[in-house]
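Q:
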Amino acid sequence: MMRPLRRSRGRDPLGLRRALSDRLLPGLVAAMALLGALALAGARGASDLSARWQGGAAAAMTVQLPATAPAAQVERALAALRRLPEVAKAQAMERERLAALLRPWLGEAPGAAAGLALPVVIELHLRRLPQQPEALALGIAQAVPGAQVEAHGVWVARLVALARSLQGVTLAALLLVAGIAAAVVAVAVRAGIAARREAIGILHDLGATDADIAGRFAGRVALLVALGALAGTVLAAPVLAGLADLAAPLLGGQAAASVLGLPWGSLPWAELALLPVLGAGIGWVTAQVTVRRWLRRLA
Amino acid sequence: MVRFASVGLRYAGPAGAGGDRSGPEVLHDLSFILPTGSFHWLLGPSGAGKSSLLRLMQLALRPSRGEVEVLGVPLSRVRRGALPGLRRRIGVVYQDFRLLPHLPVFDNLALPLRIAGRAEPQIRADVQEMLRWVGLESKAGTLPAALSGGEQQRVAIARAVVMRPALLVADEPTGNLDIAQARRVLALLQEMHRLGTTVVVATHAEALVQEHPAPALRLAEGRLVAHG
Ligand SMILES: Nc1ncnc2c1ncn2[C@@H]1O[C@H](COP(=O)(O)OP(=O)(O)O)[C@@H](O)[C@H]1O
Ligand SMILES: [Mg+2]
Chain Z
0 MMRPLRRSRG RDPLGLRRAL SDRLLPGLVA AMALLGALAL AGARGASDLS
50 ARWQGGAAAA MTVQLPATAP AAQVERALAA LRRLPEVAKA QAMERERLAA
100 LLRPWLGEAP GAAAGLALPV VIELHLRRLP QQPEALALGI AQAVPGAQVE
150 AHGVWVARLV ALARSLQGVT LAALLLVAGI AAAVVAVAVR AGIAARREAI
200 GILHDLGATD ADIAGRFAGR VALLVALGAL AGTVLAAPVL AGLADLAAPL
250 LGGQAAASVL GLPWGSLPWA ELALLPVLGA GIGWVTAQVT VRRWLRRLA
Chain L
0 MVRFASVGLR YAGPAGAGGD RSGPEVLHDL SFILPTGSFH WLLGPSGAGK
50 SSLLRLMQLA LRPSRGEVEV LGVPLSRVRR GALPGLRRRI GVVYQDFRLL
100 PHLPVFDNLA LPLRIAGRAE PQIRADVQEM LRWVGLESKA GTLPAALSGG
150 EQQRVAIARA VVMRPALLVA DEPTGNLDIA QARRVLALLQ EMHRLGTTVV
200 VATHAEALVQ EHPAPALRLA EGRLVAHG
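Read top to bottom, the protein sequences are chains Z and L. Each step along the first sequence adds one to the number in numbering that gives the first Met the number 0, with nothing skipped, and position 83 is 82. Each step along the second sequence adds one to the number in numbering that gives the first Met the number 0, with nothing skipped, and position 77 is 76.
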């Protein structure tokens, strides 16, 4: 019994197992990893939504003619639309694309599959997003009698812009979390140095290199941060799965009926798995820099 | 061999920003040579600069001016990165022992060997031998706090010599010990000298010095006032 104890203590001459507490640092890091995971999933979700909606936003506005409209009427409508100054491009949508686009909203309705009478949809690409889509819609309705004008594309485009800036904000939040993590590690390491000043001095006088001493701190910190980040990420997973579930209908899916049915597979697992690794890296580097800087005051 | 040439030392001033040495000079114009394998006392009243001089010798400080040469290496020409390797060849004993309180005697003794990256089997053999030498074989698993002052100082001496240093410096090694313990500690230091190590012992216990006459460096207010 004596030997393993003695060996393990001998591996920790600075007493870092007590000086760098296995509660406070991992706890703080876990909280930050949780925030990081939320930001990560937010960024991922925003990017998914904007990619998804972009298809719909390709046409800023649509003009619908009844399914029964004869080809000549469609041609006339197209010509009238192309004369409008705001319109860059006007094009009738192919039936397959229309069906594909409607699927998320209608579901795989048997009627759609059976070739239910779909209206003629003309996509309008605008020169730029109008300030007042309603006014433009009114103008179009007058130019093409009998048409139904949809300005939803304008809204989608606005949502896409919002999703993009949301993505930017969440990435910034992620960077902020990383920065705070580094600061927390630096504070913990400085406290550890203060608590082990005497022991550090003894090791230094016995010929320990800066790399040796800094490496002991960095190894311990990297382990604690990795464990904390892992805990935070694991805690975040159900929250993220729940959020993904809420977003599912927006992405063309369905809300889950049970916890097991939550869209676990849709979580950004690879990025999430990177959190503890990244955290450990940040902790290691911060500890190295902090300790080496402090050691430079010794000869 | 240890050579000091016109050495001056300042500590950082009270405002002590960074490495700037703005405090008063505590050592002035020290010049002397300690031949290889010699034994020297370092004498002088408290505050004379004995500890500061020993810190220069053990490479814990660099001089503010002049040249310090230890183990044949002039410090002014040594990069900081080369100092740890030199320190491993210098044994140091302090008045307050400076053992690591959370490590048992065995691991305190093993520390210099582990820092130097020695293999565990060799570490065990060397530590056992040192424990025998200082008469503490039965205390390998004991924490320093459970030892008497004299025993702690013997552990500290064993730690200082376990790497077979060429230079051994001791700063008031008997200052906290009763006379019987002090004699035992001094006997160990003198045995290292007989084995060929260059030894410097700072003390203001004149009684011990009279029992063991040897060449002395005598400091007063940071100046060398006698050598020999
Ligand atoms: N770390 C330090 N910082 C500033 N001044 C110091 C420091 N250590 C010692 N001194 C000063 O240097 C002088 C010599 O001290 P020291 O070398 O400890 O003498 P001794 O060991 O002979 O008692 C004293 O005036 C002391 O105040
Ligand atoms: Mg002193």
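Glycine included, C-beta positions come from ideal geometry on N, C-alpha and C.
According to a CB-to-CB cut-off of less than 7 Å, which residues of the stretch 152 to 175 of chain L neighbour chain Z?
A: Flagged: no residues at all.
Q: Using only CA atoms, which one of 66/L, 93/L, 154/L, 82/L lies nearest to residue 75/L?
A: Cα-wise, what sits closest to residue 75/L is 66/L.
Q: Going by Cα to Cα distance, which pick from 117/Z, 127/Z, 146/Z, 45/Z is closest to residue 74/Z?
A: Among 117/Z, 127/Z, 146/Z, 45/Z, the Cα nearest to that of residue 74/Z belongs to 146/Z.
Q: Given that a residue counts as buried once 16 or more other Cβ atoms are within 10 Å of its Cβ, and exposed if not, what is residue 349/Z?
A: Chain Z is shown only over 0 to 298; residue 349/Z falls outside these bounds and no answer can be derived.
Q: Looking at the unbroken beta strand (DSSP E) that takes in residue 197/L, where does it start and where does it end?
A: It spans 197 to 201 - the beta strand (DSSP E) in which residue 197/L sits, taken as one unbroken run.
Q: What does the Cβ neighbour count give for residue 54/L, buried or exposed, with the cut at 16 atoms within 10 Å?
A: By the neighbour-count rule (16 or more Cβ atoms within 10 Å), residue 54/L is buried.
Q: If you follow the alpha helix (DSSP H) that residue 280/Z is part of, which residue opens it and which one closes it?
A: Element bounds for residue 280/Z: 268 to 294.
Q: Look up residue 91/L in the DSSP assignment and say whether it is helix, strand or coil.
A: If DSSP states are grouped into helix, strand and coil, residue 91/L belongs with the strands.
Q: What do you reckon, is the C-beta of residue 200/Z under 6 Å from a heavy atom of ligand 1?
A: Outside the cutoff, so no.
Q: Can you check the stretch 127 to 163 of chain L for any beta strand (DSSP E) of at least 3 residues that lies completely inside it and give the ranges in chain order?
A: Runs of the beta strand (DSSP E) inside the stretch 127 to 163 of chain L: none found.
Q: Beta-carbon separation of residue 28/Z and residue 227/Z under 7 Å?
A: In this structure, residue 227/Z lies closer than 7 Å to residue 28/Z by Cβ.
Q: Run down chain Z in chain order and give the residues with a C-beta less than 7 Å from the C-beta of residue 12/L.
A: Here the premise fails: no neighbours, minimum Cβ distance about 14 Å.
Q: Which same chain residues end up closer than 8 Å to residue 167/Z when comparing Cβ atoms and leaving out the 5 residues on each side of it in sequence?
A: Closer than 8 Å at the Cβ level, and outside the excluded window around residue 167/Z, lies no residue.
Q: How many Å lie between residue 155/L and residue 190/Z at the Cα?
A: Between residue 155/L and residue 190/Z, the C-alpha separation is close to 28 Å.
Q: Pick helix, strand or coil for residue 46/Z, following the three-state DSSP scheme.
A: Residue 46/Z falls in the helix class under three-state DSSP.
Q: Give me the chain L residues within the contact set of residue 14/Z, using Cβ-Cβ distance strictly less than 9 Å, ordered along the chain.
A: 99, 100, 101, 102, listed in chain order.
Q: Looking at C-beta atoms only, is the number of pairs between the stretch 207 to 226 of chain Z and the stretch 10 to 21 of chain Z that lie closer than 8 Å three or more?
A: Verdict: yes, contact present.
Q: Taking the runs of the alpha helix (DSSP H) that are 4 residues or longer, which of them lie wholly in the stretch 193 to 279 of chain Z?
A: The stretch 193 to 279 of chain Z contains these whole alpha helix (DSSP H) runs: 196 to 204, 209 to 246.
Q: Applying a beta-carbon distance threshold of less than 8 Å, which residues of chain Z neighbour residue 70/L?
A: Here the premise fails: no neighbours, minimum Cβ distance about 12 Å.
Q: Alpha carbon to alpha carbon, what distance is there between residue 169/Z and residue 32/Z?
A: Straight-line Cα distance between these residues: approximately 14 Å.
Q: Taking 8 Å as the cut-off, does the stretch 191 to 201 of chain L touch the stretch 164 to 171 of chain L (at least 3 CB pairs, one atom from each stretch)?
A: The stretch 164 to 171 of chain L vs the stretch 191 to 201 of chain L: in contact.
Q: Does the distance from the CB of residue 102/L to the CB of residue 158/L come in under 7 Å?
A: Going by C-beta atoms, residue 102/L is not nearer than 7 Å to residue 158/L.
Q: If you measure between the beta carbons of residue 160/L and residue 173/L, is that distance less than 7 Å?
A: No, Cβ-Cβ distance for residue 160/L and residue 173/L is not below 7 Å.
Q: Rounded to whole angstroms, how far is the Cβ of residue 57/L from the Cβ of residue 86/L, which I believe are closer than 8 Å?
A: That belief holds up - the Cβ atoms of residue 57/L and residue 86/L are roughly 7 Å apart, short of 8 Å.
Q: Kindly indicate which three-state DSSP category residue 25/Z falls into: helix, strand or coil?
A: DSSP places residue 25/Z in helix when its eight states are reduced to three.
Q: Should residue 8/L go down as buried or exposed, given a rule of 16 or more other Cβ atoms within 10 Å for buried?
A: That one is buried.
Q: Going by the C-beta, is residue 47/L closer than 6 Å to any heavy atom of ligand 1?
A: Residue 47/L Cβ: within cutoff of ligand 1.
Q: Helix, strand or coil, according to DSSP, for residue 13/L in the structure here?
A: Correct three-state label for residue 13/L: coil.
Q: Assuming residue 47/L and residue 221/L are in contact, meaning their beta carbons sit under 8 Å apart, how far apart are those beta carbons, in whole angstroms?
A: 7 Å between Cβ atoms; contact.
Q: I'd like to know if the stretch 228 to 247 of chain Z and the stretch 40 to 47 of chain Z are in contact, where contact means that at least 3 CB-CB pairs between them fall below 8 Å.
A: Enough Cβ pairs lie closer than 8 Å, so yes.
Q: With a threshold of 7 Å between beta-carbons, can residue 3/Z be considered close to chain L, or not?
A: Residue confidence is low: residue 3/Z scores 45 on pLDDT, short of 50, so the model does not pin down where it sits. Its coordinate-derived value is still stated next. Chain L contact via Cβ: absent.
Q: Rounded to the nearest angstrom, how far is the Cβ of residue 172/Z from that of residue 38/Z, given a contact under 8 Å?
A: Indeed, because the Cβ distance is near 4 Å, the residues count as touching under 8 Å.
Q: State the DSSP-derived secondary structure class of residue 0/L, mapped to helix, strand or coil.
A: Residue state, collapsed to three classes: coil.
Q: When every heavy atom of ligand 2 is checked, does at least one fall within less than 6 Å of the C-beta of residue 50/L?
A: Residue 50/L Cβ: within cutoff of ligand 2.
Q: Cutting at 6 Å between CB atoms, please list the residues of its own chain near residue 165/Z, excluding the five before and the five after it.
A: 45.
Q: In chain Z, which residues lie less than 7 Å from residue 34/L when you measure between Cβ atoms?
A: The contacting residues do not exist; residue 34/L stays about 24 Å from chain Z at best.
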